[in-house]
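Position 285 (the sequence shown) corresponds to 273 in our numbering; numbering is contiguous.
As structure tokens, the structure follows; a few thoughts come after it.
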Amino acid sequence: MIKNRLYKKRTLVSGMPLLVLCLLTLMSCNKDFENKIDLSAKSDSLTGYRAPKVLYIIVDGARGASVNATKAIRVPDLEDNSLQSYASVSDESGLPATTWADMLTGVKKNKHKVTKADFSGNNLANYPMFFKYIKDKNASLRTAAFASTPVFSTNLVSNADVNLSFNNDDAAVKNAVINELKEEKATVVLAEFSGVDRAGKQYGYDASVKAYSDAIYQTFDDINEMVNTLKQRKSYEAENWLIVVASNQGGNFSIPPAQNDGSLFSNPLLNSFTLLYNSRFSYQFFSRPNAAAVPYEGKAIVYSSKTIFGTIPVSESAIYNFGTTGEYTVQLKMKLLKRGDLNPAIIAKSDNTANSTAGWSFILSNGSVNWRMQLAGTSATGPALDLDTWYTLTGKLYMDGTTRRMKVFTNGVLNSTVAQAANGTSTTAPLNIGYSPSYTTGNDASKLITDVRIYNTALSDDYIAANYCKTDVKPTDVYYKNLIGYWPSMDGIGNQLMDHSPSKRNFTLTGAYSWTPFNELSENLCSDLPDDIYTRMPNGIDIPSFIFGWMGIQSLGLNLDGKTWVPTYRSINP
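Okay, structure coming up:
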């Protein structure tokens, strides 16, 4: 929707004289840059100054999915001119004291130390609620807090000119806020409502539960009254109001198995919502990421035999000689783009990938469409590989009594088992990826290769079957300590594939390589959730940072944990 609006703006100005267009462009760019640093209104020769003010409403226990399902936001333009998410995620503890503290301090519990219902052992003296910094900027700015829950008021609110609680009476909170908004000096107003949470505890936290949905409707009716009062202020046209409506968390509720993707997004207790409104904001909706279908994404090298490949020199690659005894595993992911011919190498430590040469290799079979692992004169063959498809190729060497055997797996499925029939499996050749000399020239295959691992042990068959699809390996993995080489191969910059194992043997790239971006879903891959997935939408912990920007308060030295969000404006005028 935002893109469409921006496109319309461009088409509207396309016929303007060049000078006018340039002036508008300069004004827009300067204003946008200003907003990214300080969201508060500034003196403007065209429109004058509008004083920044904040109405911050916390709705306890309002599960984001349920608020969305009820369509309870019926305040004119509150939904159309806001950043909003119904998939926000609160602290994993699900403790109201903690989630409130997150929303008021902008830091996590490891800093504010609110981890108990009675608030004992907290560190709010060093990480106070956001009123303090408003007062530090200008002590004359009026701050007021009205809470339905007494412990909220007594334990979290500080530096308030007005701080009142109403013993679970939401109607009294609403009336107090309305009276405050009629005060000429009202500047920052905080309200906490508990009725939705109380209904959820008694009847269930889901929109299908009438008592719960009725409580949501009632709270948003109260919000409607407060917003209407705000807009009726005599000085409203000279003020620049940010309205924040958010829940501290959701509540426990059993959801159908089909709705559970195993992520925190599927936990009703942690499912909150966040709405940041100003009359100038463009609509921005942050949807829930599909945690059940995480793409494999990054930048990798497209290897072209003989022209683009990577090398670890002989002086550093001796640890990848497999000798005639001992156990090892090699595993990697590959997407074949062009088959080539004459036994193109995928990865090899061999002077020559011809069958009788010392060393080992993964190669594509000449005259066929399959792949195989070679160890000197012994080969174990895998199945045919389709083009443009991701595969995990695994080869392992293990001891069976006094006999050394070799197994190969494709996507975790065992393809072949053979006994080693030749010695001389150590070599002075470098370790190459993407190419290695063969019995003749050619080898013009093209492929993406990532997630390359070499272990100094034989992974169990069950482990390979259960974990082949994973696109990285964590330090907590049972075999992590056995890695002697681990190259995710998605560095994205530079001329090396960095080794993430303790060995620190990096591949150096050769040829006219480039880092090729990709973003793909594959049934053969199961990528972990990105580290930032729970911060891809506004969350409660982000709100203090947004308020500081709105009020023109520099927050760089406050050690906040919240993410900074920059709204898209439909109007550049304050």
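The beta-carbon is built from N, C-alpha and C at its ideal position, and this holds for glycine as well.
Predicted, not measured: the structure shown is a model, and the values here were computed from it.
Three or more Cβ pairs closer than 8 Å define a contact, and the stretch 432 to 440 falls short of that threshold against the stretch 354 to 368.
Contact between Ser136 and Val161 holds: CB atoms are separated by about 5 Å, below the 8 Å threshold. Of the residues Arg558, Leu548, Thr175 and Leu485, the one whose Cα lies closest to the Cα of Asn98 is Leu548. Distance check between Asp339 and each of Leu83, Ser270 and Pro301 places Pro301 closest, using alpha-carbon atoms only. The alpha carbon of Ser349 has as its nearest neighbour, out of Arg327, Ser477, Leu373 and Leu381, the alpha carbon of Leu381. Between Asp48 and Gly192, the alpha-carbon positions lie close to 14 Å from each other.
Nearest in C-alpha terms to Lys222, of all of Pro418, Glu171, Arg327 and Lys469, is Glu171. Spatial neighbours of Ile61 in its own chain (CB-CB distance under 7 Å, excluding positions within 5 residues in sequence) are listed in chain order as Glu67 and Phe208. Each of Ile472, Asp157, Leu169 and Ser201 was checked against the Cα of Asn309, and the nearest Cα belongs to Ile472. Membership of Arg130 in the beta strand (DSSP E) is indicated by the continuous run Arg130 to Ala135.
In the three-state scheme derived from DSSP, where H, G and I count as helix and E and B as strand, Asp374 is classed as coil. Shown here for Pro505: same chain residues with a beta carbon closer than 7 Å to its own, the five before and five after excluded, namely Lys287 in chain order. For Arg360, the enclosing beta strand (DSSP E) has its first and last residue at Asn358 to Leu363. Under the three-state reduction of DSSP, Pro505 is assigned to strand. In this structure, Ser78 keeps its C-beta atom at 8 Å or more from the C-beta atom of Asn240. DSSP lists Asn507 as the beta-bridge partner residues of Glu285. For Met394, the uninterrupted beta strand (DSSP E) segment begins and ends at Thr391 to Thr398. In summary, Gly188 is buried, with 16 or more beta-carbon neighbours lying within 10 Å of its beta-carbon over all protein chains present. Closest in C-alpha terms to Ala50, from the list Gln220, Val145, Lys120 and Asp194, comes Asp194. Put simply, of Thr313, Val357 and Gly311 the residue whose alpha carbon is nearest the alpha carbon of Pro332 is Val357. The C-beta separation of Ser146 from Phe119 comes to about 6 Å, placing the pair in contact by the 8 Å criterion. If you draw a straight line from the Cα of Ile529 to the Cα of Asp520, it is about 14 Å long. For Gln220, there is no enclosing alpha helix (DSSP H), as DSSP marks it with neither H nor E.
DSSP places Val102 in no alpha helix (DSSP H); its state is neither H nor E. Under the three-state reduction of DSSP, Ile481 is assigned to coil, being neither helix nor strand.
Taken through DSSP and simplified to helix, strand or coil, Gly528 comes out as helix. The secondary-structure analysis by DSSP pairs Ile45 across a beta bridge with Ala179 and Val233.
Partner residues in the beta bridge of Lys323, as assigned by DSSP, are Trp378 and Leu436.
Beta bridge pairing from DSSP links Ala174 with Arg130. Contact check between the stretch 526 to 541 and the stretch 309 to 319: fewer than three CB pairs, one atom from each, fall below 8 Å, which does not count as touching.
DSSP lists Lys458 as the beta-bridge partner residues of Cys514. For Pro40, the three-state secondary structure derived from DSSP is strand.
Between Ser267 and Ser515, the alpha-carbon positions lie close to 40 Å from each other. The beta carbon of Thr496 lies closer than 7 Å to those of Gly298, Thr299, Asn483 and Gln484 in the same chain, with the five residues before and after it left out. For Leu402, same chain residues with a beta-carbon under 7 Å away, outside a window of 5 residues either side, are Lys395 and Asp449 in chain order. Judged by their CB atoms, Ala446 and Lys384 are nearer to each other than the 8 Å cut-off.
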